[in-house]
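Per full-length UniProt numbering, the sequence shown runs over residues 1 to 146.
Cβ coordinates follow ideal geometry from the N, Cα and C atoms, glycine included.
Heads up, the thing below is written out as structure tokens.
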Amino acid sequence: MPRKNEFGAADDEATHPDSMRAALAEFVSTFVFVFAGECSVLALDKVYKETGGAELASGLVAVALAHALALFSAVASSTNISGGHVNPAVTFGSLVGGNWADDWIYWVGPFLGGGLAALIYEYIVIPTEPAPHHAHQHHQPLPPED
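Next comes the structure, spelled out in structure tokens:
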């Protein structure tokens, strides 16, 4: 008989293939949701800069629809595998309700997926502006060696 931990779940549950598959599904679905949402805001920013703000109201609707479609696809793709929580607030609700089993899946997967999406967005997707080129750069000469 497997040993139980303080939450009443078996200790080998974390390495069970179904648990790992559910955690991966939560990771991927949250990554897709966060990344699509961030990129839709980036697209709105680009349109806003090009049009001078004329398309702001319709752009906000487009961003909201992009978030809705991203959330729909994230939940739909992970529902049969992990239940499609995607949001740790949903897990917190089940935690308050007393359902402790498998909660690590719904905390670890979304936080890592959302975090990776944010890092990729921040360091890879966001266009970086080139450093300003100064015509007259002042460099201090190296001191002479004795």
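By the neighbour-count definition (other C-beta atoms within 10 Å, threshold 16), I124 is an exposed residue.
Exclusion of the five residues before and after G59 leaves L44 and V47 as the residues of its chain whose Cβ lies within less than 6 Å of its Cβ.
Segment contact: the stretch 94-110 against the stretch 67-77, fewer than three CB-CB distances shorter than 8 Å; contact not assigned. One thing to note: G114 has its Cβ within 8 Å of the Cβ of T30. Counting only the Cα atoms, R21 lies some 8 Å from S82.
Cβ-Cβ separation between A117 and V34: approximately 4 Å, consistent with a contact (criterion under 8 Å). With distances taken between CA atoms, A25 lies nearest to S78 out of S78, I126, A68 and G93. Apart from the 5 residues on each side of it in sequence, A23 sits with its Cβ closer than 7 Å to the Cβ of I105, V108 and G109 in its chain, given in chain order.
For N99, the three-state secondary structure derived from DSSP is coil.
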